[in-house]
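Residues 14 to 276 (my numbering) are what the sequence shown spells out, left to right.
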Amino acid sequence: MDVPLSLARYAEPGHGIAPAEELLGLAGFWPAYFLPGWDEFIEEPGLFGADEADVDAATEALYSAREVWPAYRIPLAGGHLLWIVHRNFPDDPGTDYLITHPDWDRDAPLASLEGHFSGPGLSWPELVAVADSAPARAEGVRDPALRLLLLLPAFGDADVPVAEAESRISGALTSVGVEPQAAPGVAERLLDHPFWDGPTWVTQGGSPLSGGAAGPSPLAVCDGRYSPRVLPLALGGTPDHARALADALGGGADRLSSASDSP
Numbered sequence: 014m015d016v017p018l019s020l021a022r023y024a025e026p027g028h029g030i031a032p033a034e035e036l037l038g039l040a041g042f043w044p045a046y047f048l049p050g051w052d053e054f055i056e057e058p059g060l061f062g063a064d065e066a067d068v069d070a071a072t073e074a075l076y077s078a079r080e081v082w083p084a085y086r087i088p089l090a091g092g093h094l095l096w097i098v099h100r101n102f103p104d105d106p107g108t109d110y111l112i113t114h115p116d117w118d119r120d121a122p123l124a125s126l127e128g129h130f131s132g133p134g135l136s137w138p139e140l141v142a143v144a145d146s147a148p149a150r151a152e153g154v155r156d157p158a159l160r161l162l163l164l165l166p167a168f169g170d171a172d173v174p175v176a177e178a179e180s181r182i183s184g185a186l187t188s189v190g191v192e193p194q195a196a197p198g199v200a201e202r203l204l205d206h207p208f209w210d211g212p213t214w215v216t217q218g219g220s221p222l223s224g225g226a227a228g229p230s231p232l233a234v235c236d237g238r239y240s241p242r243v244l245p246l247a248l249g250g251t252p253d254h255a256r257a258l259a260d261a262l263g264g265g266a267d268r269l270s271s272a273s274d275s276p
């Protein structure tokens with residue numbers, strides 16, 4: 014089975030992983046995609062401009078691919094790549110959010126939506142920064158609205174600015190077919206995460222740029238009991254990796270994306 018090299022340690026024998034950004038064009042994609050966290054949208058496909066047949070087809074495409082698992086790539090600054098993988102084990106399915114980098118010897122988990130869930134993996138400032146900072150010409154999803162919606166299930170933050178968040182998510186929803194009058198209500202529901210209840214995030218400070226012992230990690234840490242980010246260096250492995258990853262999750266230096274880019 015073919016597996017992207019960066020996911021070699023994540024992959025399971027007998028199962029391939031393949032980029033599947035084309036699935037985002039399915040009429041029933043969003044109700045199906047939000048199913049692990051917000052299953053009520055399956056019963057309301059009209060909110061997303063879809064019907065039951067659309068949702069059935071999308072659900073089949075996302076969650077019934079057993080041999081080759083579909084995945085979406087969200088490129089970040091500095092060569093980092095955020096993967097969203099539908100881990101379609103018959104008895105242990107889930108959707109995993111993880112980051113890879115060519116210099117790392119392992120992937121870094123952000124969140125998992127499954128029976129034994131973990132997360133959140135992103136704060137609100139990180140979610141917005143990542144959504145808006147796709148490197149130009151990178152492969153994967155570059156559209157800010159699509160990036161935001163894809164990463165919403167991995168986000169959780171007690172300090173989210175609610176009005177700003179509802180407005181931003183509403184705008185993203187209308188871009189994928191939700192009627193403007195319905196979008197604020199859908200956005201409000203998406204902010205109410207069923208797996209974690211608004212944990213807080215703290216940044217300890219920056220590390221020295223050169224020489225000396227490593228200082229506090231620049232990566233924010235989360236107080237959520239199920240979050241992989243309860244430790245400052247849980248992502249990236251070394252102080253240098255932590256600095257680079259903190260930059261990537263903060264939007265990086267190359268904000269060269271465009272809302273008109275296609276996934």
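Even for Gly, the Cβ is constructed at its ideal location relative to N, Cα and C. Given the structure is predicted, the values throughout are model-derived calculations rather than measurements.
I need the DSSP call for Arg202, collapsed to helix, strand or coil.
Arg202 falls in the helix class under three-state DSSP.
Terminal residues of the continuous alpha helix (DSSP H) containing His254?
Segment 252-262, the alpha helix (DSSP H) holding His254.
According to the neighbour-count rule (16 or more other Cβ atoms, all chains shown, within 10 Å of its Cβ), is His129 buried or exposed?
It counts as exposed.
Pro138 to Val189 span [Cα, whole Å]
Roughly 22 angstroms separates the two Cα atoms.
Indicate whether Tyr239 and Ser136 have their beta-carbon atoms separated by less than 7 angstroms.
No, Cβ-Cβ distance for Tyr239 and Ser136 is not below 7 angstroms.
Sequence-distant residues of its chain with Cβ nearer than 6 angstroms to Thr113 (five each side left out):
Here Thr113 has Ser19, Leu94, Asp120 as same chain residues with Cβ atoms under 6 angstroms from its own Cβ, once five neighbours each way along the sequence are excluded.
Consult DSSP for Gly92 and reduce its assignment to one of helix, strand or coil.
Gly92 falls in the helix class under three-state DSSP.
Just curious, the beta strand (DSSP E) that Leu18 is in, first and last residue?
Unbroken run through Leu18: none, as it is neither H nor E.
Could you give the DSSP three-state label for Arg86: helix, strand or coil?
In this structure, Arg86 counts as strand in the three-state DSSP scheme.
On a Cα-Cα basis, can you pick out the residue from Pro32, Asp109, Ile97, Leu186 that is closest to Gly62?
For Gly62, the closest alpha carbon among the candidates Pro32, Asp109, Ile97, Leu186 is that of Leu186.
Mind checking which residues open and close the beta strand (DSSP E) that includes Thr108?
For Thr108, the enclosing beta strand (DSSP E) covers residues 107-113.
Touch test, the region 192-201 against the region 153-161, Cβ-Cβ under 8 angstroms, three pairs minimum
In this structure the region 192-201 does not lie against the region 153-161, because fewer than three pairs of beta carbons, one per stretch, are closer than 8 angstroms.
First and last residue of the uninterrupted alpha helix (DSSP H) at Ile55
Looking at the DSSP string, Ile55 is not in any alpha helix (DSSP H), and its letter there is neither H nor E.
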